[in-house]
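Reviewing the structure listed below.
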């Protein structure tokens, strides 16, 4: 019974951290869910060597790839997603905006690490 419940939790986390990064990554190209550039400071946007739209496209590809890796190699993908979410949270903290999103992303990073532990 306990092992079956552990497997259910593992699968739930696997699908969550597979699907959510893919959806968020795809949305970097459409901005249907939100305007993703609002989460970056003006100074950071000005420091980019490329247009913000191109930068968001690159971010989108990274997120889509991370989600796919979760499905194919769950442990590696879980670590990638956890690191990615932590980096996003740190950027938000250092820019001084969206602390609520930063906290949410740190909690999600912990959940991604939980997926790793369940998958080992």
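Residue numbers (this note's numbering): 11 to 130. Built from N, CA and C at the ideal position, the CB exists for glycine as well.
Kindly confirm or deny that the segment 65-77 and the segment 27-47 touch, where touching means at least three C-beta pairs closer than 8 Å.
-> These segments touch.
Helix, strand or coil at residue 51 according to DSSP, with G and I counted as helix | coil
Thinking just about the alpha-carbon of each residue, which of 55, 20, 102 is nearest to the one in residue 114?
-> 102
Taking one C-beta from the segment 17-25 and one from the segment 49-64 each time, how about it: are there three or more such pairs within less than 8 Å?
-> no
By a C-beta neighbour count over all protein chains shown, 10 Å radius and 16 as the cutoff for buried, is residue 99 buried or exposed?
-> buried
Run through DSSP, which three-state label would residue 114 get?
-> helix
Take the Cβ of residue 18 as the centre, count every other Cβ of all protein chains shown within 10 Å, and call the residue buried at 16 or more, exposed below.
-> Counting Cβ neighbours within 10 Å, residue 18 comes out exposed, since fewer than 16 surround it.
Cβ shell of residue 92 (< 6 Å), same chain only, five flanking positions each side left out | Cβ neighbours of residue 92 beyond the five flanking positions: 119, 122, 123.
For residue 45, which of helix, strand or coil comes out of DSSP?
-> coil
Drop a sphere of 10 angstroms on the beta-carbon of residue 44, count the other beta-carbons inside from all chains shown, and report buried for 16 or more, exposed for fewer.
-> So residue 44 counts as exposed.
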